[in-house]
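Taken in sequence, the protein lines are chains X and D.
If you're matching positions, the first sequence starts at 1 in the numbering used here and goes up one per residue.
If you're matching positions, the second sequence starts at 1001 in the numbering used here and goes up one per residue.
Even glycine gets a Cβ: it sits at the ideal position worked out from N, Cα and C.
Worksheet for the structure shown next.
Protein chains: 2
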Amino acid sequence: MPQNTKNRATIEDVANLANVSTATVSRVINKNGQVAKKTSDRVLEAIEELNYTPHSGARQMAGGRPNLVGLIFPAIGDPFMSELLEGIETKLVEEGYDLLLYSSQRLGESPRFLPLNEHNSDGLIVFADSLSDAELARFHQLEFPLVLLHQNAPEGLDIPCVTVENKKGASTAVKHLIDHGYKNIAFLAGLEGHEDAEWREIGYREELAKHNIPFRPELVGYGDFSAETAEAAVENWLLEGINIDAIFAADDNSAQGAMFALQRAGKRIPQDVAIVGFDDITFSRYMSPSLTTIRMPIKDVGRHSAIQLIKLMKGEKADSLTLLPTDLIIRDSCGKD
Amino acid sequence: MPQNTKNRATIEDVANLANVSTATVSRVINKNGQVAKKTSDRVLEAIEELNYTPHSGARQMAGGRPNLVGLIFPAIGDPFMSELLEGIETKLVEEGYDLLLYSSQRLGESPRFLPLNEHNSDGLIVFADSLSDAELARFHQLEFPLVLLHQNAPEGLDIPCVTVENKKGASTAVKHLIDHGYKNIAFLAGLEGHEDAEWREIGYREELAKHNIPFRPELVGYGDFSAETAEAAVENWLLEGINIDAIFAADDNSAQGAMFALQRAGKRIPQDVAIVGFDDITFSRYMSPSLTTIRMPIKDVGRHSAIQLIKLMKGEKADSLTLLPTDLIIRDSCGKD
DNA sequence: TGATAGAATGTAAGCGATTACATTTTATCT
DNA sequence: AGATAAAATGTAATCGCTTACATTCTATCA
């Protein structure tokens, strides 16, 4: 039997049971307007009794804003998703918003309507590449509050973006290696076309250039931010006998994969090959040797995206780019300081 | 300015522009009823032109089911959240449902109304401990489709539950250690009160008993499923000079922390202390030594929870308990086979 | 060509809340 | 006690959509 069509108490049922009008019930629910304590108690009791919960759809229609923001993210098992969430949610809750998440595993596949949109949320935070440009354009045209995470706005759309100093972080990492005397520095690039990865590559190349070290394309390995693909890339270098004395990985997962492949091939880290990663995931500290890496202030990224979105939702202007600083965390994998 | 109150096209705007009635527009949107191709095209055009998206709240009110299921989970950065999601979503999408997520970081703190409820979703999947018993009872009383993940239903509530064979997995792990001749087997219990952890502890104790090895409370260390707390627990054992030749960790994070502490103290793994974990997170393979552990079919857990929920949503009866099998993955940390 | 079935479209009643405005009750002051 | 302001409550319009039912086309057939 269709469960949902019956038995659900409405505001009217509550009103009847409590012997008041629906308006009064609405007032006690929303704590606006004046209601006598006695009446209010009676209403609350009726709500309890009937197991009543307001119908959000109806509320929205009746004019109230949903007080809800949506976060749309790809299904990539980002190890920092939960920190990001924490940053976003903390700020949002402070301001009285709820947060709903939609993971767009198979974007584009089913061109249905998004379950999170301008009607049921006050704003959207969109993680890198989880929405098509067309969709972004639609929202933008609607002047619907939107913030992009780890992704710059497509050409011509003025949508605020929050991310970390990818380029600078990469430069720092590479500089650190160069300062230690390494010259043959390979780069594990992560996912091709991913914005974070691209900026990190730019940082890598610029820093090389700054020190007059020629860029060698064969020293760049692509993958997908996973240990497996990095492992394969490193094995390939080893196989081809390419001379490498250091690796800068665009993410810690890849760094881990690289370590694994190197150690299996009998290379010592950092004596034979030094490694620096990017992200500082929880595990970096526990790798052996522990991984020198670039830490990103993920929680801050979350918080700032919420801050920008809130501005937008209040009708204020938001900063079109928020760049959060990264930190070099020196551990053992890069050779002692 | 309040962005959301204006400029949003309604079905009526579309109808006007396309020169048809709202009923017709509704028909083309929902692909039910008959509409002439020519008309339909005109409507689609108007939708495009106006950037129109239906108001989900209004749709629900007007009777259509939302075709949406909600997943409620705690903020714990479960390393397998993304796999779980994949399992759930894949199945759900097959059946034409959308999935919306709500992370209940600070449950109980703000006793507001859940943003996911019987009005805007057809069913809910609830991850361990993310809803209060009272809330569960409310849904249950409403006969609202509900499936619990990694958590048994509270006393008296008949809510289907999907989880893995925690006890059996733990037994297997411990048996493996015992079979290798280890006698002083410590247990890193993870979070006290967590159901998974509890079942794993029961498995540990039963297996000990089965081999006539007395259970020693001082060999159980509690933590919170994190490497840090496990590290501390192990350090404590070391400090107290407790004799341990193997550790069974209720999760891989803890196993990692344990390894770290042991190695820092100069112990060799597995020669001095063997370790077996639980979960088989991505990193287990990359630890050094690589971690022997119990693998859980996370994706299947997700898929089965979706399957059970779908039954419920169709008004069929669901299995009150689905127990998915675990696997022993033998690597290096437990001593060679 | 007129009748008729089926396709295409339209009309209008609800769905469950909120809220401006109207009304009644209560409290306060002279 | 009577007037009056403030508090408490009620009335009813409204939000955007779906859908049962009514109506109008269109094509086909005798």
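When D:Gly-1335, D:Pro-1325 and D:Ser-1305 are compared against D:Gly-1087, the one with the closest alpha-carbon: Here residue 1087 of chain D is taken as the residue at index 87 of the second sequence, counted from 1. The residue with the shortest Cα to Cα distance from D:Gly-1087 is D:Ser-1305.
Among the residues of its own chain, which have a CB less than 6 Å from the CB of D:Asn-1019, if the five just before and after it don't count? Within the second sequence, residue 1019 of chain D is the residue found at index 19, counting from 1. Closer than 6 Å at the Cβ level, and outside the excluded window around D:Asn-1019, lies no residue.
Counting only beta-carbon atoms, is X:Pro-111 nearer than 7 Å to chain D? Taking the first residue of the first sequence as position 1, residue 111 of chain X is located at position 111. Confidence at X:Pro-111 is low in this model, with a pLDDT of 46, below 50, so the placement of that residue should be treated as unreliable; the coordinate-derived value is given next. Nearest CB-CB separation between X:Pro-111 and chain D: not below the 7 Å threshold.
Exposed unless 16 or more other CB atoms sit within 10 angstroms - verdict on D:Ser-1291: Position 291 of the second sequence, counted from the first residue, corresponds to residue 1291 of chain D. Checking the displayed sequence, the identity of residue 1291 of chain D turns out to be Leu instead of Ser. By the 10 Å Cβ count, D:Leu-1291 comes out buried.
Okay, do the region 83–103 of chain X and the region 132–145 of chain X touch, 3+ Cβ pairs below 8 Å being the bar? no
For the region 52–70 of chain X, list every residue whose C-beta sits within 7 Å of some C-beta in chain D, in sequence order. Thr-53, Pro-54, His-55, Ser-56, Gly-57, Ala-58, Gln-60, Met-61, Arg-65 and Leu-68
Return the first residue and the last residue of the alpha helix (DSSP H) that X:Val-126 is part of. Position 126 of the first sequence, counted from the first residue, corresponds to residue 126 of chain X. Unbroken run through X:Val-126 is the beta strand (DSSP E), 123–127; no alpha helix (DSSP H).
In chain X, what lies closer than 8 Å to D:Phe-1127 by C-beta? In the second sequence, counting from the first residue as 1, residue 1127 of chain D sits at position 127. Correct list: empty, because the minimum Cβ distance to chain X is about 13 Å.
Going residue by residue through the region 1178–1218 of chain D, where are the continuous alpha helix (DSSP H) segments of at least 4 residues, counting only ones entirely within it? 1195–1210
Cβ-based neighbour list, X:Ser-226, same chain, cut-off 8 Å, excluding 5 preceding and 5 following: On the first sequence, residue 226 of chain X is found 226 positions in, with the first residue counted as 1. Excluding positions up to five away in sequence, the list reads Asn-253, Ser-254 and Gly-257.
Apart from the five residues just before and just after X:Glu-89, which ones in its own chain have a Cβ nearer than 6 Å to its Cβ? For the purposes of this step, residue 89 of chain X is taken as residue 89 along the first sequence, with counting starting at 1. Same-chain partners within the cutoff: Leu-99.
Residues near X:Val-220 by beta carbon distance below 6 Å, same chain, minus five either side: By 1-based counting over the first sequence, the position of residue 220 of chain X is 220. Counting only Cβ-Cβ distances below 6 Å, and skipping sequence neighbours, we find Phe-187 and Ala-189.
7 Å Cβ cutoff met for D:Ser-1288 and X:Ser-288: Residue mapping note: residue 1288 of chain D aligns to position 288 of the second sequence, counting from 1. Residue mapping note: residue 288 of chain X aligns to position 288 of the first sequence, counting from 1. Contact: yes.
Go ahead and label X:Lys-167 buried or exposed: buried means 16 or more other beta carbons lie within 10 angstroms of its beta carbon, across all protein chains shown. Residue numbering aside, residue 167 of chain X sits at position 167 when the first sequence is read from its first letter. Per the 10 Å Cβ criterion, buried.
Between which residues of its own chain and D:Asn-1202 is the CB-CB distance below 6 Å, once the five residues before and five after are set aside? Position 202 of the second sequence, counted from the first residue, corresponds to residue 1202 of chain D. Asn is not the amino acid found at residue 1202 of chain D; the sequence shown has Ile there. Around D:Ile-1202: Lys-1167.
Would you decide whether X:Lys-91 is buried or exposed? Buried here means 16 or more other CB atoms lie within 10 Å of its CB. By 1-based counting over the first sequence, the position of residue 91 of chain X is 91. Burial call: buried.
Check whether chain D comes within 7 Å of X:Ser-288, counting only Cβ atoms and requiring the distance to be less than that. Position 288 of the first sequence holds residue 288 of chain X. So, interface residue.
Taking D:Asp-1224 as the reference, which of D:Glu-1195, D:Pro-1270 and D:Ile-1213 has the closest Cα? The count along the second sequence starts at 1 and reaches residue 1224 of chain D at position 224. With distances taken between Cα atoms, D:Asp-1224 lies closest to D:Glu-1195.
Do the region 1049–1056 of chain D and the region 111–121 of chain X meet, that is, are 3 or more Cβ pairs less than 8 Å apart? yes
Comparing alpha-carbon positions, which option in X:Ala-209, X:Ile-242, X:Ala-318 and X:Asp-179 lies nearest X:Cys-334? The count along the first sequence starts at 1 and reaches residue 334 of chain X at position 334. When each option's Cα is compared against that of X:Cys-334, the closest is X:Asp-179.
Paired residues, beta bridge with D:Ser-1103 - DSSP: Position 103 of the second sequence, counting from 1, holds the residue named residue 1103 of chain D. Answer is D:Phe-1073, bridged to D:Ser-1103.
What residue range is occupied by the uninterrupted alpha helix (DSSP H) comprising D:Phe-1139? The residue labelled residue 1139 of chain D in the question sits at position 139 within the second sequence. Segment 1133–1141, the alpha helix (DSSP H) holding D:Phe-1139.
So X:Ala-227 contacts chain D; which residues on that side make the cut at Cβ distance below 9 Å? Here residue 227 of chain X corresponds to residue number 227 of the first sequence, with the count starting at 1. Result: Thr-1282, Phe-1283, Arg-1285 and Tyr-1286.
Would you report the Cα separation of X:Arg-264 and D:Gly-1070, rounded to the nearest angstrom? Here residue 264 of chain X is taken as the residue at index 264 of the first sequence, counted from 1. Here residue 1070 of chain D is taken as the residue at index 70 of the second sequence, counted from 1. Rounded to whole angstroms, X:Arg-264 to D:Gly-1070 spans 44 Å at the Cα level.
Could you please give the first and the last residue of the uninterrupted alpha helix (DSSP H) stretch that includes X:Asp-300? Reading the first sequence from its first residue, position 300 is the one you call residue 300 of chain X. Per DSSP, X:Asp-300 belongs to the alpha helix (DSSP H) from 298–313.
I'd like to know if X:Pro-214 contacts chain D, where contact means its C-beta is closer than 7 Å to some C-beta of that chain. Within the first sequence, the letter at position 214 stands for residue 214 of chain X. It does not; no Cβ of chain D falls within 7 Å.
Please report the distance separating the alpha-carbon of X:Val-164 from that of D:Gly-1277. Mapped onto the first sequence, residue 164 of chain X falls at position 164. Mapped onto the second sequence, residue 1277 of chain D falls at position 277. In a straight line, the C-alpha of X:Val-164 is about 35 Å away from that of D:Gly-1277.
Can you tell me the Cα-Cα spacing of X:Gly-241 and X:Glu-218, whole angstroms? Taking the first sequence and counting its residues from 1, the one referred to as residue 241 of chain X is at position 241. Taking the first sequence and counting its residues from 1, the one referred to as residue 218 of chain X is at position 218. Their Cα atoms are separated by approximately 11 Å.
Backbone CA spacing between D:Gly-1156 and D:Ser-1320 [nearest angstrom]: Translated into positions along the second sequence, residue 1156 of chain D becomes position 156. Translated into positions along the second sequence, residue 1320 of chain D becomes position 320. Using only the alpha carbons, I get a separation of about 12 Å.
What's the gap between the Cα of X:Thr-293 and the Cα of X:Lys-210? Taking the first sequence and counting its residues from 1, one reaches residue 293 of chain X at position 293. Taking the first sequence and counting its residues from 1, one reaches residue 210 of chain X at position 210. Between X:Thr-293 and X:Lys-210, the C-alpha separation is close to 21 Å.
Hey, how far is the Cα of X:Ala-246 from the Cα of X:Tyr-182? Taking the first residue of the first sequence as 1, we reach residue 246 of chain X at position 246. Taking the first residue of the first sequence as 1, we reach residue 182 of chain X at position 182. Approximately 6 Å between the Cα atoms of the pair.
To which residues does DSSP link D:Gly-1096 through a beta bridge? On the second sequence, residue 1096 of chain D is found 96 positions in, with the first residue counted as 1. D:Gly-1096 is not bridged to any residue.
For X:Tyr-52, which of helix, strand or coil comes out of DSSP? Residue numbering aside, residue 52 of chain X sits at position 52 when the first sequence is read from its first letter. Three-state DSSP puts X:Tyr-52 in coil, outside helix and strand.
Whole angstroms are fine: how far does the CA of X:Leu-191 sit from the CA of X:Glu-198? Reading the first sequence from its first residue, position 198 is the one you call residue 198 of chain X. Reading the first sequence from its first residue, position 191 is the one you call residue 191 of chain X. Approximately 9 Å, taken between the alpha carbons.
Would you kindly report the start and end of the unbroken beta strand (DSSP E) that includes X:Val-234? Numbered from 1 along the first sequence, position 234 holds the residue referred to as residue 234 of chain X. Where X:Val-234 is concerned, there is no enclosing beta strand (DSSP E), although the alpha helix (DSSP H) it sits in stretches over 227–240.
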